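**Q**
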Amino acid sequence: TAFLVGARVLHSLNVYVKVHTNSPFLVCMDLLLSQTEVIDPNYLWIGPDGQNLKGQSYVNLTETGKLMLLDFKEDMSGSYTCTLSYKVFQSDMKAEQERYKSYKFMVYAYREPDYTYRISVHFSTKECSLAANEQFFEELKKILNNLISYLTCQIIEPSFKCYSVKRPKHGLVDELFVVFQVNPFAPGWEVICHQVSTDCEDVTNSRVQKAQWLIEEFFNRQQHILQHEFKNLPAIHYIEHSFHVTRLDSCRPGFGKNDVTHNDCANCCVACDPGSYSPNNKLICLPCTSIRIKHYGAQSC
Numbered sequence: 001t002a003f004l005v006g007a008r009v010l011h012s013l014n015v016y017v018k019v020h021t022n023s024p025f026l027v028c029m030d031l032l033l034s035q036t037e038v039i040d041p042n043y044l045w046i047g048p049d050g051q052n053l054k055g056q057s058y059v060n061l062t063e064t065g066k067l068m069l070l071d072f073k074e075d076m077s078g079s080y081t082c083t084l085s086y087k088v089f090q091s092d093m094k095a096e097q098e099r100y101k102s103y104k105f106m107v108y109a110y111r112e113p114d115y116t117y118r119i120s121v122h123f124s125t126k127e128c129s130l131a132a133n134e135q136f137f138e139e140l141k142k143i144l145n146n147l148i149s150y151l152t153c154q155i156i157e158p159s160f161k162c163y164s165v166k167r168p169k170h171g172l173v174d175e176l177f178v179v180f181q182v183n184p185f186a187p188g189w190e191v192i193c194h195q196v197s198t199d200c201e202d203v204t205n206s207r208v209q210k211a212q213w214l215i216e217e218f219f220n221r222q223q224h225i226l227q228h229e230f231k232n233l234p235a236i237h238y239i240e241h242s243f244h245v246t247r248l249d250s251c252r253p254g255f256g257k258n259d260v261t262h263n264d265c266a267n268c269c270v271a272c273d274p275g276s277y278s279p280n281n282k283l284i285c286l287p288c289t290s291i292r293i294k295h296y297g298a299q300s301c
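Counted from 1, the sequence shown has number 193 at position 193 by full-length UniProt numbering; the numbering is strictly sequential.
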């Protein structure tokens with residue numbers, strides 16, 4: 001079983017717990033003390049709200065002072081402090097001292113980022129002024145959306161521009177530069193997700209990855225079709241090896257990335273700190289200036 005040994009109260013230890021999972025055991029003891037004999041130890045764990053954690057339904061607290069937080073949620077984030085008291089005797093057993101040590105853990109809920117994919121492809125066209133360019137683009141969007149709709153994914157932010165391009169060892173040609181994103185949040189995505197998982201995180205990323213693979217295979221097939229099924233190239237056709245994909249991360253509402261504050265979990269979407277919020281799927285938590293937010297994971301100000 002994984003466990004984390006506490007730091008003296010001078011230093012707090014950051015702990016990151018994935019939402020809806022159990023935390024590792026937090027140990028109310030430092031490494032040096034754990035290697036010695038401790039007489040009559042007593043452990044007092046206090047949660048972020050100042051409440052004694054003994055007997056709470058969302059904790060597993062052992063008789064040796066180890067604390068596990070169960071089914072961790074963003075509003076459980078915060079400071080967890082344990083005070084250890086124990087006895088120390090003189091060698092003649094006549095003098096007895098009570099000693100105290102405190103250990104602090106800053107525990108944060110996190111999620112893995114959701115993925116979207118930005119894809120760019122190029123098509124050769126007879127000329128940029130060709131009226132069919134716009135019609136071709138509209139048909140391409142329909143085809144791609146139909147291809148991935150069963151995964152409750154969709155094409156978002158599609159656009160195209162036409163440029164004259166001079167390639168090495170070739171003359172000047174007109175090309176359509178097409179850009180779009182593959183997004184896993186088409187209408188109905190939540191229903192599909194919750195049929196499989198309460199959290200949806202892994203399911204969402206699996207869906208959008210499959211959608212990206214399908215689209216990539218679609219464009220790979222275009223080149224095969226052009227080479228083997230057409231004697232004369234169509235007026236608008238896919239340019240071989242022009243497919244390019246970039247993964248873009250996003251965080252769920254109430255979560256954001258902060259490489260400075262959370263450099264131990266730099267790629268994580270961590271619950272927004274008190275005083276900040278995230279209302280959308282962007283990567284950052286925004287400061288709230290109108291109302292003081294006292295809890296973690298706020299989605300509105």
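Cβ atoms here follow ideal geometry from the backbone N, Cα and C, with glycine treated the same way. These numbers were taken from a predicted model, which means no experiment stands behind them.
Where does the unbroken beta strand (DSSP E) through I39 begin, and where does it stop?
**A** Taking the first residue of the sequence shown as position 1, residue 39 is located at position 39. Unbroken beta strand (DSSP E) run through I39: 39 to 46.
**Q** Please report the distance separating the alpha-carbon of A2 from that of P24.
**A** Taking the sequence shown and counting its residues from 1, the one referred to as residue 2 is at position 2. Taking the sequence shown and counting its residues from 1, the one referred to as residue 24 is at position 24. Because the pLDDT of A2 is 47, which lies under 50, any placement of that residue in the model is unreliable, and the number read from its coordinates should be weighed accordingly. Taking the straight line from one Cα to the other gives about 5 Å.
**Q** Among L140, A271, R207, which one has its Cα closest to the Cα of I236?
**A** In the sequence shown, the residue the question calls residue 236 occupies position 236. Checking every option, the nearest Cα to that of I236 belongs to L140.
**Q** Can you tell me whether Y16 is buried or exposed? The criterion is at least 16 other CB atoms within 10 Å of its CB, across all chains shown.
**A** To locate residue 16, count along the sequence shown from 1; it is residue 16. The residue in question, Y16, is buried, as its Cβ has 16 or more Cβ neighbours within 10 Å.
**Q** In the DSSP assignment, the beta strand (DSSP E) including Q154 goes from what residue to what residue?
**A** Within the sequence shown, numbered from 1, the residue matching residue 154 stands at position 154. Per DSSP, Q154 belongs to the beta strand (DSSP E) from 154 to 166.
**Q** Would the beta-carbon of S12 fall within 8 Å of that of K104?
**A** The count along the sequence shown starts at 1 and reaches residue 12 at position 12. The count along the sequence shown starts at 1 and reaches residue 104 at position 104. Yes. Within cutoff.
**Q** Please name the residue in S206, E74, K73, G47 whose C-alpha comes closest to that of L67.
**A** In the sequence shown, counting from the first residue as 1, residue 67 sits at position 67. Measuring from the Cα of L67, the nearest candidate turns out to be G47.
**Q** DSSP state of A109, grouped into three classes?
**A** Position 109 of the sequence shown holds residue 109. A109 falls in the strand class under three-state DSSP.
**Q** Could you round the C-beta distance between R111 and F255 to whole angstroms and report it? I think they count as a contact, below 8 Å.
**A** Reading the sequence shown from its first residue, position 111 is the one you call residue 111. Reading the sequence shown from its first residue, position 255 is the one you call residue 255. With a Cβ gap of about 6 Å, R111 and F255 count as contacting.
**Q** Assuming D259 and N14 make a contact with CB atoms under 8 Å, what is their CB distance in whole Å?
**A** Position 259 of the sequence shown, counted from the start, is the residue given in the question as residue 259. Position 14 of the sequence shown, counted from the start, is the residue given in the question as residue 14. At roughly 14 Å, the Cβ-Cβ gap does not stay under 8 Å, so D259 and N14 are not in contact.
**Q** What's the call for F180, buried or exposed, on a 16-neighbour Cβ count within 10 Å?
**A** If you number the sequence shown from 1, residue 180 lands on position 180. Buried, because 16 or more other Cβ atoms sit within 10 Å of the Cβ of F180.
**Q** If we ignore side chains and look at the alpha-carbon of each, how far apart do F243 and G188 end up?
**A** What you label residue 243 is simply residue 243 of the sequence shown in a count that begins at 1. What you label residue 188 is simply residue 188 of the sequence shown in a count that begins at 1. Going from the Cα of F243 to the Cα of G188 covers about 29 Å.
**Q** Report yes if the CB atom of I215 is closer than 8 Å to the CB atom of E175, and no otherwise.
**A** As a working note, residue 215 is residue 215 in the sequence shown. As a working note, residue 175 is residue 175 in the sequence shown. No; because the gap between Cβ atoms is not below 8 Å, this pair is not in contact.
**Q** Suppose only complete runs of 3+ residues qualify. What are the beta strand (DSSP E) ranges in the segment 217 to 291, listed by chain order?
**A** With a minimum length of 3 residues, the continuous beta strand (DSSP E) runs that stay inside the segment 217 to 291 are 244 to 250, 269 to 271.
**Q** Please name the residue, chosen from K210, L26, M76, T204, that lies closest to Y43 on a Cα-to-Cα basis.
**A** For the purposes of this step, residue 43 is taken as the residue at position 43 of the sequence shown. Comparing Cα-Cα distances from Y43 to each of K210, L26, M76, T204, the minimum goes to L26.
**Q** First and last residue of the beta strand (DSSP E) that includes N133?
**A** Locating residue 133 in the sequence shown gives position 133, counting from the first residue. Note, N133: premise wrong, no beta strand (DSSP E); alpha helix (DSSP H) at 132 to 148.
**Q** Going by the beta-carbon positions, is the gap between P274 and K257 smaller than 8 Å?
**A** Reading the sequence shown from its first residue, position 274 is the one you call residue 274. Reading the sequence shown from its first residue, position 257 is the one you call residue 257. Going by C-beta atoms, P274 is not nearer than 8 Å to K257.
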